[in-house]
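Novice: When we follow the UniProt record's numbering, the leftmost residue of the sequence shown carries the number 1, and every step to the right adds one.
Glycine residues also receive a C-beta, built at the ideal position from the N, C-alpha and C atoms.
Take this structure, written in structure tokens, and hold onto it; I'll ask about it next.
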Amino acid sequence: MKHFWIPVLVLGWLSGCASTPPAVPADKPQGWQAPRDLASLQGRWQQVDAGQQQPYRLEFAAGRLQASAGCNGLGSVVSLENGLLKTGAMMSTLMACPPALEQRERSLSQLLSAQPRLVMQGNRLQLQAGRDRLEFQREASSGGS
1 MKHFWIPVLV
11 LGWLSGCAST
21 PPAVPADKPQ
31 GWQAPRDLAS
41 LQGRWQQVDA
51 GQQQPYRLEF
61 AAGRLQASAG
71 CNGLGSVVSL
81 ENGLLKTGAM
91 MSTLMACPPA
101 LEQRERSLSQ
111 LLSAQPRLVM
121 QGNRLQLQAG
131 RDRLEFQREA
141 SSGGS
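What follows is the structure, given as structure tokens:
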């Protein structure tokens, strides 16, 4: 009789591992949802509300991400799992940049490496990891991509 509980416990454990749809941040209105796949992210994106600073730029193409804060370029292979952006080792060009841009690049690299949650609505994309949140607007197609 004590062997009866083993399958019950295993079944309960497996049902707890079932995937659930990624959550949309509570502060986003209806219509924001996780991207369905990397193809839906393809193209160029520019940071919204960068203020006086150089806006961050992202470009998704063929399973790779290119990013810039205005000086060096960052790049990595990427995947999308349950609404989280997963990057490989982040590589960077090594130009000497003003300290303020170097700090922005570090911040962008850290956010992208932190497996941020992605949500989209139309041509808007939001990345969020912890308290860090950035919003981007899809750039108009330049014809080549």
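Quick check on DSSP: helix, strand or coil for leucine 94?
Specialist: Of the three classes helix, strand and coil, the one that applies to leucine 94 here is coil, per DSSP.
Novice: My output table needs one value for glutamine 103: the three-state DSSP class, helix, strand or coil.
Specialist: DSSP places glutamine 103 in helix when its eight states are reduced to three.
Novice: Can you tell me which of the three DSSP states serine 79 falls into?
Specialist: Strand at serine 79.
Novice: Could you check where the beta strand (DSSP E) with arginine 124 kicks off and where it finishes?
Specialist: First-last of the beta strand (DSSP E) with arginine 124: 124–129.
Novice: When the Cα atoms are used, what is the spatial distance from phenylalanine 136 to arginine 117?
Specialist: Their Cα atoms are separated by approximately 13 Å.
Novice: If we count the other Cβ atoms within 10 Å of its Cβ and call it buried at 16 or more, is glycine 83 buried or exposed?
Specialist: Classification for glycine 83: buried.
Novice: Quick check: the Cα distance between leucine 74 and serine 68, rounded to an integer number of angstroms?
Specialist: In a straight line, the C-alpha of leucine 74 is about 6 Å away from that of serine 68.
Novice: Less than 8 Å between the C-beta atoms of aspartate 37 and leucine 80, yes or no?
Specialist: It is a contact, given that the beta carbons lie within the stated cut-off.
Novice: Would you kindly report the start and end of the unbroken beta strand (DSSP E) that includes alanine 67?
Specialist: Segment 64–68, the beta strand (DSSP E) holding alanine 67.
Novice: Let's test the definition: count the other Cβ atoms within 10 Å of the Cβ of serine 141 and tell me whether it reaches 16, buried, or not, exposed.
Specialist: Serine 141 is exposed by the Cβ-count criterion.
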